[in-house]
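Below: one structure, written as structure tokens.
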Amino acid sequence: MQENILYTSSTFTPQVIDAIQQRAELGRYHIRGFGALRNVPRLDDLIFLTASLTRFPLEGYREKCETKTLLGTRYAKRPMELDIPITIAGMSFGALSKNAKVALGQAATWLGTSTTTGDGGMLPAERDASAKLVYQCLPSRYGFDPRDLRKADAVEIVVGQGAKPGGGGLLLGQKVNQVVAGMRTLPEGVDQRSPCRHPDWIGPDDLKIKIEELREATNWEIPIYVKMGATRVKDDVKLAVKAGADVIVLDGMEGGTAATQSIFQEHVGIPTLPAIVQAVEALKEIGVYGEVQLLVSGGIRSGPDVAKALALGADAVSIGTASLIAMGCNKPIYVEDYQALGTAPYHCHHCHTGRCPVGIATQDDELMARLPIEEAATHVANYLQAMVMETQSIARACGKSNVHNLEREDLVALTLEASAMAKVPLAGTDFVMGQ
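Residues 1 to 435 (UniProt numbering) make up the sequence shown, in order.
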């Protein structure tokens with residue numbers, strides 16, 4: 001007879017038991033930052049078929065591979081012209097420190113790409129640092145100023161984001177200091193909850209009016225982006241295009257956030273991989289593929305991720321969490337401060353607390369001083385440059401002289417799930433799952 005066997009239920013795991021007991025003790029749901037922890041089908045499940053005899057690869061040292069990217073060509077007099085197909089996603093001043101926002105702006109400027117404001121308005125220092133800045137129009141209206149709107153290079157109407165589609169923003173009071181409160185016209189030290197939908201419209205017909213208002217306010221000069229979390233992608237994309245969007249920004253469930261309910265991050269939305277495919281199909285079905293650009297975000301980490309997104313039909317990608325990691329998020333320094341939060345380097349998801357050990361997701365002056373702007377900007381710029389070089393290397397190996405010439409035919413899948421979602425053959429076969 002065996003004794004003292006430790007049985008583990010696959011339904012009620014130790015983590016599930018702990019979560020139930022936390023709810024029982026506190027009477028509320030769990031809030032955290034970062035992104036989804038669960039494993040989902042992702043771009044890693046695709047691989048490239050590079051050139052050999054059927055196609056000729058290009059030499060990296062003497063044959064160019066272009067990366068120029070144009071967004072907002074549908075209606076804007078002045079589309080967004082980028083040197084690379086990688087942009088910085090919207091992350092607010094409030095969620096991030098001033099040093100982090102300025103560093104992101106500097107890095108983007110050095111690489112010839114854009115940054116995005118996030119909730120709470122335009123930080124003047126970010127506008128100064130960013131040669132190309134996208135100004136977000138969010139449900140909260142916090143800090144939204146028509147004068148700042150006219151200073152922007154594009155406008156992004158945020159319907160939702162991948163980490164919490166259908167849910168509003170959240171900024172806990174410990175991050176609402178005097179400056180943040182002043183920009184958002186809020187009481188200092190009080191939790192900020194943003195609404196989950198815009199007060200100016202309740203459907204796509206009203207969204208069309210809102211887009212026209214923004215175009216008039218900016219004299220039809222700059223592009224209008226519409227950002228959404230990936231859920232009912234095909235219908236949502238078609239409605240946004242019908243309302244007049246120049247660019248669709250699609251954020252998969254791997255996308256991060258400064259703070260939201262864990263249940264949103266783990267149980268809401270669909271992964272970036274199938275979202276890209278559905279968005280491209282929607283654009284093709286209504287005859288605007290190539291006219292309306294697709295910008296994809298949510299779990300983009302490397303050049304191969306960028307190349308795969310472009311091959312599936314995206315025009316560009318946007319990174320958020322990865323850019324913060326590049327500047328030091330979860331770096332194994334200040335270990336005692338991680339431990340004080342009840343976590344450790346590589347495992348931290350405490351962005352919501354305002355106690356970020358490396359000075360990124362905080363408004364504490366002492367912590368923020370740990371993030372030197374020039375050093376952080378250099379690290380992000382190095383990371384972006386490496387991603388571009390990786391993307392070019394893959395494109396050249398596929399025989400492409402432009403990263404935008406990558407196509408779905410260059411891809412195969414390693415799993416049945418990826419084959420079904422990406423609609424590409426399973427590696428070594430002609431079989432496409434579901435077709």
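For every residue, glycine included, the Cβ atom is placed at its ideal position computed from N, Cα and C.
Predicted, not measured: the structure shown is a model, and the values here were computed from it.
With a cut-off of 8 Å on Cβ pairs, the segment 412–419 is not in contact with the segment 345–353, counting fewer than three such pairs.
The DSSP-derived three-state label of Gly-229 is strand. Counted as a single uninterrupted DSSP element, the beta strand (DSSP E) harbouring Gly-33 occupies residues 31–34.
Within the segment 394–430, the complete alpha helix (DSSP H) runs of at least 4 residues fall at 416–422. The alpha helix (DSSP H) runs lying completely inside the segment 257–305 and spanning 4 residues or more are 262–267, 272–285, given in chain order. In the pairwise beta carbon analysis, the segment 153–167 is classified as touching the segment 225–243: at least three pairs are separated by under 8 Å. Remark: C-beta atoms of Ala-154 and Met-80 approach each other more closely than 7 Å.
The segment 237–254 and the segment 290–299 touch, with three or more beta-carbon pairs separated by less than 8 Å.
The beta carbon of Gln-106 lies closer than 6 Å to those of Ala-129, Ala-377 in the same chain, with the five residues before and after it left out. In this structure, the beta-carbon distance from Ala-326 to Pro-223 does not fall below 7 Å. Taking a contact to require three or more Cβ pairs closer than 8 Å, the segment 96–111 and the segment 362–381 qualify as touching.
For Gln-392, the closest of Lys-64, Thr-13, Tyr-7 by C-alpha to C-alpha distance is Lys-64.
Between the segment 282–294 and the segment 189–199, the count of C-beta pairs closer than 8 Å stays below three; the two stretches do not touch. When DSSP states are grouped into helix, strand and coil, Asp-251 belongs to the strand group.
Around the Cβ of Ile-88, a 10 Å sphere holds 16 or more other Cβ atoms; the residue is buried. Taken in chain order, the whole beta strand (DSSP E) runs of length 3 or more contained in the segment 123–206 are 133–137, 154–158.
Annotation note: the segment 94–124 contains the following uninterrupted alpha helix (DSSP H) runs of length 4 or greater, listed N- to C-terminal: 98–111. Of the residues assessed, Phe-264 falls on the buried side of the cut-off, its CB having 16 or more other CB atoms within 10 angstroms.
In the displayed model, Met-368 falls within a helix according to three-state DSSP.
Residue state for Ile-209 is assigned as helix, using DSSP reduced to three classes. If you draw a straight line from the Cα of Met-421 to the Cα of Gln-178, it is about 47 Å long. Looking from the CA of Thr-257, the closest CA among Gly-313, Ala-322, Leu-283 belongs to Ala-322. In the DSSP secondary-structure assignment, Gly-90 is bridged to Thr-116.
In the structure shown, Ala-316 falls within a strand segment according to DSSP collapsed to helix, strand and coil. By DSSP's assignment, Met-389 forms no beta bridge with any residue.
Between the alpha carbons of Cys-137 and Lys-210 lies a distance of about 10 Å.
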